[in-house]
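Novice:
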Amino acid sequence: MIMYFPLAMNLLYKLRDENFASKDNRRISPLRSWLCTHASSSLEKFHQLEICGYHNPLIFQSETVLRKIVAYIDPDDDFCIEDKLSQVNCLQQMANIASYGFLKRRLERHQLHIHALWFDIYTGNIYYFSRQNKRFIDINEKTVEMLSNEVKKYYS
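Residue numbers (my numbering): 1 to 156.
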């Protein structure tokens, strides 16, 4: 599970400002420098989401080159901007993990599967990215059976 805390997402969101993300300003903080170097793909995806008014799906690379993930980010508009960015980043990290050479063969043979969990630090709720529903679903008493069945159906 990839988890980013609000500080990192707030900082990543601020990096959309070119001055804030300038090379001189990157020296202020190791976290800012790291995010400028490694999180630009998440910001680019988030920008696509902003352009469409948060209504159209985003397409993410999945376990293999031929597989894609279609994702609606917060379609019910329940979360703040930084949380939306955090969900985008969570899915982008799935693509990044899938690019590791030592995992590629196992992913291509379906011996290994990558799942996305998103943690809402404010409420303590955990959300599972449902590929069937194309969105993050709160894991609770009402959804656990549906999500378990999805995992069994697609990953067993």
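For glycine and all other residues, C-beta sits at the position ideal for the given N, C-alpha and C.
Check the C-beta distance from LEU112 over to VAL88 and give it rounded, since I have them as a contact under 8 Å.
Specialist: Their Cβ separation, rounded to whole angstroms, is 23 Å, which puts LEU112 and VAL88 out of contact at 8 Å.
Novice: Could you check what DSSP says for TYR54 in three-state terms: helix, strand or coil?
Specialist: coil
Novice: Short check: CB of LEU85 to CB of PHE46, under 8 Å?
Specialist: yes
Novice: My parser needs the alpha helix (DSSP H) runs of 4 or more residues fully inside the region 91-137; what are they?
Specialist: Within the region 91-137, the complete alpha helix (DSSP H) runs of at least 4 residues are 101-108.
Novice: What first and last residue would you give for the alpha helix (DSSP H) that runs through LYS142?
Specialist: Segment: none, LYS142 is in no alpha helix (DSSP H) and carries neither H nor E.
Novice: Considering only C-alpha positions, which residue in the set HIS55, GLU108, SER29, LYS153 is nearest to PHE130?
Specialist: It is Ser, not Phe, that sits at residue 130 in the sequence shown. With distances taken between Cα atoms, SER130 lies closest to LYS153.
Novice: Report, in whole angstroms, the separation of the C-beta atoms of ILE137 and TYR128, which I expect to be a contact under 8 Å.
Specialist: For ILE137 against TYR128, the beta-carbon gap comes to about 6 Å, under 8 Å, which counts as contact.
Novice: Hey, how far is the Cα of ASN140 from the Cα of ARG27?
Specialist: 42 Å
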